[in-house]
Each structure stands twice: as structure tokens, then as C-alpha cells.
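Chains as they are written, first to last, in this note's numbering: chain C, 1 to 129; chain X, 1001 to 1129; chain S, 2001 to 2129. Using N, Cα and C, we set each Cβ at its ideal position, and we do this for glycine too. Note that the structure is predicted; figures quoted are calculated from it, not measured.
Here it is in C-alpha cells:
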């Protein structure tokens, strides 16, 4: 299954949790594992706090600071986005229980845009156990 | 299945390997994949050296250094723990072979506490192939 | 299944995409998920751009910069490689579609050598859906 994500900023975290739970409902997955993957090289997937939006902006600001300002050889001006993508990763899994993602109370699944705005895709597979 | 992890320090790596292998034995999983997930936003999961304990303290010290000291907007005083969680990740898989995790000679699976001490959970699913 | 990877430099990204696609063909996997794991503590696995080789050298240079030069207690001289391994991770999954990895146009799967040259292994499992 495929989710479309339309980002509106250069760097942004987009909460996918409700959309993935809707896919689990539509697929009638009761229990198993959800595999999430994004087919882009300047984006990523992470799980972090769903409550205080400051956690999202803090994370983006910290990633900016962590990624060094070097004389990058890749000349498209988005080398830092490629590096953030490898630091954060493009694949993760979440257990599924009672028909939805078995996340912690404070967790949400985020698509991480590092070189937007763009139209992006996220691939979702459920494995029923 | 669920593992309980009681951490005793602010930052700490807890070796889960033996406990996960015991679950594999109890579940009589011979061969397949083990999916490991932690439902927390100030913790993580990693695989690294099981021999010299200095690797664990070096990793924690390096993560402290990597995570920048910013004027974080999240006001709970644990913004750095949220950032480390996204850098390290909360989900991973390990192949299972002959009834146990098919880790390398020097590998162990670690729960990473970044905002302890706390009582934590780790969710384990085996998929038999 | 197991891939052998012979690295020739201290730090290096080795493209595994074609070899994994060959395993998918040999296993006649049509659709499902591919689980990739490397059993080493000074190496990793990442997905990033397959086109401009500068992205690979930029990533290696950035990881060198990100990993701090500390007075590491682990005395084998490869502490930075252990830290890069936990930052990048040793396990990931990729969806499989029409008999091959369902990667984005610009994506390749890379073995990340951080303490070479060495002979390395990568474990591949396909789950058919």
C-alpha cells in the first residue's frame, strides 16, 4: 500500500500515524507487524513524541546542527538532506495489536522531509501473525 | 511478547540478548526473524559490541557530544533524549537461526536508556519462516 | 542467505542492490519484504543515492566529522567505527515487488565499512506475502 505525503517546507515532520491506522482498519489486520519504508534519498522515517510540537522543531534544529557544513562534492545543494536521511533511516517497523499500531502513549510515526517542499511516497506492508 | 527493563541511570545500555534468546526458546522458534521495538520516545535500541564494556560508555559519551546543546523549546529538560532516540531508532530486526538470534560473535542487542532511571518495555515478535 | 563483502578501504560504501536482486530472482520471490542484516559492530547498512558517487564520499566525510574525537576508553583504535555503526544501524528492510527490491529511482542499498579493509557478511531473508 502507498501513502502520498505532500510536504510544504524545506524541513518538516509529518505525522503518519492516523493514516497508517486507517490502512490497518481497511486491511482488517488484527495483529502482526507493520513495515514502513520511504523510497527517497533526502527524507526519512522516525518515531517520536506526538504531544508537544516543540519536540519536532527541536529535532529538526538539532539535525541541522549535527550535520556538518562541509565543502560537499555533490553539487545539487542538498548534501545535508542525504546525510540526514542516512542518520534517521528510511525503513522501520511497528508491532500491530487490536487492529492498530501498538505505539507507546507518546509515540507517533513521522515522515521526515529534509529537502522539500515535494510530493513524497511511503510504502506500508502489514504482516499478519 | 514483552520484556520489562528497569534502568538505574540517566543514560545506560542494557544487554537484552539473553532475555530475547530465552523468549525464542520458550516460543520454540527455530528459524526466522525477530522484530524488536521499544514504545518510548526517550530511549532506543541498538546492536553493538558485547565484549569490552568501554564500547558502551564510549557510545554514550559520543552521543552526548553529538547531540547539540541548544535552546530547546520542549521544556521538560529531556530534549536531548528525544533527539538521541531518533538518531538511534526504536525498531530493529535480527535473523533467528537454530533457535537463537543469529548475531555476530561480538554483537549484543542493547536497550538504550537516555532519560532514566525508569521502568521500560520492549516488544518482541518472532516470525517463523 | 548470505552475501560476502570484501572491502578495500578503511571507510567505504559498497552497493549491494544488484546482488540482493539476484538472490530475489534465484529465490523466485515475487512480492513481500526483504530483511537485511550485517553481523558486525564496526559496519552498517544504509540506503542512499545510487547516481552521483559524490553522495557516498560526502556521507563518509560527514560521518567522520559528526563522530567526536574523544579520549575513548576502548583501546582498539576503532571506537569511532563502533559509534558510526550505532548511528547508521545494522538492520533494515526493503519491500519487494515484481521480483526485485521496490527501491526509489535514486536509491541503492549500501554496506557501510567503517573499519576496513575486511571480509564482511550480510544476511538476507525474504518474506513472501
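Subject >> Limits of the alpha helix (DSSP H) - the one that residue 1055 of chain X falls within >> reply: 1054-1066
Original post:
Going along chain X, which residues have a C-beta under 8 Å from residue 48 of chain C?
Top reply: 1041, 1082, 1085, 1086
Original post:
To the nearest angstrom, how far is it from the Cα of residue 1033 of chain X to the Cα of residue 2006 of chain S?
Top reply: 25 Å
Original post:
What separation, rounded to the nearest whole angstrom, lies between the Cα atoms of residue 1053 of chain X and residue 2079 of chain S?
Top reply: 12 Å
Original post:
Does the beta carbon of residue 1110 of chain X sit closer than 8 Å to a beta carbon anywhere in chain C?
Top reply: Not a single C-beta of chain C is nearer than 8 Å to the C-beta of residue 1110 of chain X.
Original post:
Count the other CB atoms within 10 Å of the CB of residue 1994 of chain S; is the residue buried (16 or more) or exposed (fewer)?
Top reply: Residue 1994 of chain S falls outside the range modelled here, since chain S spans only 2001 to 2129, and no answer is possible.
**OP:** Report the rounded CA-to-CA distance for residue 69 of chain C versus residue 81 of chain C, giving the unit in angstroms.
**Re:** 12 Å
Subject >> Residues that residue 2095 of chain S contacts on chain C, provided the C-beta gap is smaller than 8 Å >> reply: For residue 2095 of chain S, the neighbours in chain C by C-beta distance under 8 Å run, in chain order, 35, 37, 123, 125.
Subject >> Interface positions of the region 1061-1079 of chain X facing chain C (Cβ-Cβ less than 7 Å), listed along the chain >> reply: The residues in question are 1066, 1067, 1068, 1070, 1072, 1073, 1074, 1079.
Original post:
By Cβ distance below 7 Å, which residues in the same chain neighbour residue 1041 of chain X in space, the five residues on each side in sequence not counted?
Top reply: Once the five neighbours on either side are set aside, the close Cβ partners of residue 1041 of chain X are 1082, 1085.
Subject >> Whole-angstrom distance between residue 1012 of chain X and residue 1074 of chain X, CA atom to CA atom >> reply: 22 Å
Subject >> Top-ranked residue by Cα proximity to residue 93 of chain C, from C/10, C/125, C/2, C/26 >> reply: Of C/10, C/125, C/2, C/26, the smallest CA-CA separation from residue 93 of chain C is found for C/125.
Subject >> residue 1084 of chain X (DSSP reduced to helix, strand or coil) >> reply: helix
Original post:
How is the alpha helix (DSSP H) around residue 1021 of chain X delimited, first residue to last?
Top reply: Counting along the chain, the alpha helix (DSSP H) containing residue 1021 of chain X begins and ends at 1017-1027.
Subject >> Environment of residue 113 of chain C [buried if 16+ CB atoms lie within 10 Å] >> reply: By the neighbour-count rule (16 or more Cβ atoms within 10 Å), residue 113 of chain C is buried.
**OP:** Decide if residue 2127 of chain S is buried, meaning its Cβ has at least 16 other Cβ atoms within 10 Å, or exposed.
**Re:** By the neighbour-count criterion, in which a residue is buried when 16 or more other Cβ atoms sit within 10 angstroms of its Cβ, residue 2127 of chain S is buried.
Original post:
Measuring CB to CB, does residue 2066 of chain S end up less than 8 Å from residue 66 of chain C?
Top reply: yes
Subject >> Range of the contiguous beta strand (DSSP E) that encloses residue 2037 of chain S >> reply: Element bounds for residue 2037 of chain S: 2032-2037.
Subject >> Beta-carbon proximity check, residue 2107 of chain S vs residue 2047 of chain S, cutoff 8 Å >> reply: yes
**OP:** Between the Cα of residue 968 of chain X and those of X/1104, X/1096, X/1121, X/1118, spot the shortest distance and give me the residue it belongs to.
**Re:** Given that chain X is displayed from residue 1001 to residue 1129, the structure contains no residue 968 of chain X and the question cannot be resolved.
Original post:
What is the rounded straight-line gap between the Cα of residue 49 of chain C and the Cα of residue 59 of chain C?
Top reply: 10 Å
Original post:
Quick one, are the C-beta atoms of residue 1101 of chain X and residue 1020 of chain X less than 8 Å apart?
Top reply: Going by C-beta atoms, residue 1101 of chain X is nearer than 8 Å to residue 1020 of chain X.
Original post:
According to DSSP, what are the bridge partners of residue 2041 of chain S?
Top reply: Looking at the DSSP assignment, residue 2041 of chain S forms no beta bridge with any residue, so it has no partner.
**OP:** Verify the CB distance criterion: does residue 2114 of chain S have a CB-CB separation below 8 Å to chain C?
**Re:** So, not an interface residue.
Subject >> Within chain X, partners of residue 2090 of chain S - CB distance below 7 Å >> reply: 1047
**OP:** Ignore the nearest five residues each way along the sequence and tell me which others in residue 2010 of chain S's own chain have a CB closer than 6 Å to its CB.
**Re:** 2116
Original post:
Hey, is residue 1026 of chain X's beta-carbon within less than 8 Å of any beta-carbon in chain S?
Top reply: no
**OP:** Could you tell me if residue 1104 of chain X is buried or exposed, where buried requires 16 or more neighbouring beta carbons within 10 angstroms of its beta carbon?
**Re:** buried
Subject >> Cβ-based neighbour list, residue 2001 of chain S, same chain, cut-off 6 Å, excluding 5 preceding and 5 following >> reply: 2023, 2124
**OP:** Quick one: grab the DSSP three-state call for residue 91 of chain C.
**Re:** strand
**OP:** Closer than 7 Å by beta-carbon distance: list the chain S residues that pair up with residue 982 of chain X, in chain order.
**Re:** With chain X covering only 1001 through 1129, there is no way to say anything about residue 982 of chain X.
Original post:
What are the boundary residues of the beta strand (DSSP E) that includes residue 1119 of chain X?
Top reply: 1119-1128
Original post:
Excluding the five sequence neighbours on either side, which residues of its own chain have a C-beta within less than 8 Å of the C-beta of residue 2121 of chain S, listed in chain order?
Top reply: Cβ within range, chain order: 2002, 2003, 2004, 2005, 2038, 2039, 2040.
**OP:** If I'm right that residue 1099 of chain X touches residue 1029 of chain X with Cβ under 8 Å, what's the distance once you round it to whole angstroms?
**Re:** 7 Å
Original post:
How should residue 2025 of chain S be labelled, buried or exposed, when 16 other C-beta atoms within 10 angstroms of its C-beta is the threshold for buried?
Top reply: exposed
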